[in-house]
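>
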Amino acid sequence: MTAAGANAGNTGHEEGSAEDSAAATDRAASRRRIWWPAALAAALALALGVPALVAGGTSASGSSSVSAPADDSPEAGFARDMSTHHQQAVDLSFIIRDRTSDESTRTLAFDIINTQANQRGMMMGWLDQWGLTQHSAAKPMAWMATGGHGHGADYQAHDGSLMPGMATTTQLTELRSLSGRDAEVFYLQLMLEHHKGGVEMAQGYVDMAGNETEKRLAQSMVNGQTSEIDLITDMLKERGAAPGVPAS
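Sequential numbering from 296 applies to the sequence shown in the numbering used here.
1) Just reading off the alpha helix (DSSP H) that residue 409 is part of, what are its end residues?
2) On the premise that residue 454 lies in contact with residue 468, defined as a C-beta separation below 8 angstroms, what is that separation, rounded to the nearest angstrom?
3) First and last residue of the alpha helix (DSSP H) that includes residue 384?
4) Between the Cα of residue 397 and the Cα atoms of 482, 516, 540, which residue gives the shortest distance?
5) Using DSSP's beta-bridge definition, name the partner residues of residue 453.
6) Distance, Cα to Cα, residue 427 vs residue 532?
7) How big is the Cα-Cα spacing for residue 547 and residue 429?
8) Go through its chain and collect everything with a Cβ distance to residue 432's Cβ below 8 angstroms, but skip five positions before and after it.
9) For a minimum of 4 consecutive residues, which ranges assigned as the alpha helix (DSSP H) are wholly contained in the segment 451–539?
10) For residue 385, decide whether its Cβ has a neighbour in chain C, counting only Cβ atoms nearer than 8 angstroms.
11) Please say whether residue 489 and residue 523 have beta carbons closer to each other than 8 angstroms?
12) To which residues of the same chain is residue 422 closer than 6 angstroms at the C-beta, ignoring the five residues directly before and after it?
Below, the structure is given as structure tokens:
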């Protein structure tokens with residue numbers, strides 16, 4: 296092989312290596328974007344979940360501590376109702392994950408799935424520690440009436456929407472029928488209302504909380520979902536869409 300041929304071969308190899316390196320860097324950056332929210336949610340679960348050993352009525356050493364909340368307390372009601380509310384947010388986000396390839400929408404959905412699934416797990420764990428069932432015969436949001444939050448307590452469930460902000464069964468079916476931009480816009484509109492209802496409920500508990508650990512979790516929901524409301528509003532503007540769920 297001539298010197299020129301050898302040089303050309305080396306140059307091609309170097310270019311190929313550079314392209315491979317750049318592609319690997321892009322993949323690594325993509326993985327960081329995907330897994331960072333999950334790591335953050337896990338850290339939140341650890342930070343808030345450990346003190347619950349004491350808040351639940353038994354310390355880590357097994358000694359008696361604060362009494363467990365009553366079955367009809369705001370603590371139990373909030374844990375049950377917000378767990379149900381969170382589950383639908385996770386369901387909505389799994390639906391949109393499969394209905395669009397838009398990176399920003401999928402990243403938002405991934406964040407919601409990880410954060411709210413972790414928070415839901417903590418609340419279910421607290422109910423178990425307190426010796427309470429995960430479901431109750433009480434009307435959803437009834438616990439809010441004791442704190443003067445009438446809107447939540449007076450909400451009339453309909454078509455699968457049990458609490459303020461929750462999507463109806465008809466709306467869930469419609470979201471599953473859409474794809475691309477139409478699915479993104481409808482998901483964002485549904486999630487905007489969902490977060491507004493979630494913030495109202497979480498703030499309602501913060502205002503009457505008797506359990507400091509659960510209060511910290513509720514306040515983190517208020518802060519996090521308020522921030523996401525701003526993000527979702529901007530994402531709707533970028534798509535030329537208005538807030539508010541269209542009539543089905």
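C-beta atoms are modelled at their ideal positions from N, C-alpha and C, and glycine is treated no differently. All values derive from a computational prediction rather than experimental measurement.
Reading off the structure:
1) 398–424
2) Incorrect: roughly 10 angstroms between the Cβ atoms, too far for contact.
3) 369–392
4) 482
5) In DSSP, residue 453 forms a bridge with 456.
6) 44 angstroms
7) The requested residue 547 does not occur in the structure, where the chain is confined to residues 296 to 543.
8) none
9) 464–472, 475–503, 507–533
10) Of the chains in the structure shown, none is chain C; there is only one protein chain.
11) no
12) Taken in chain order, the residues that qualify are 374, 429.
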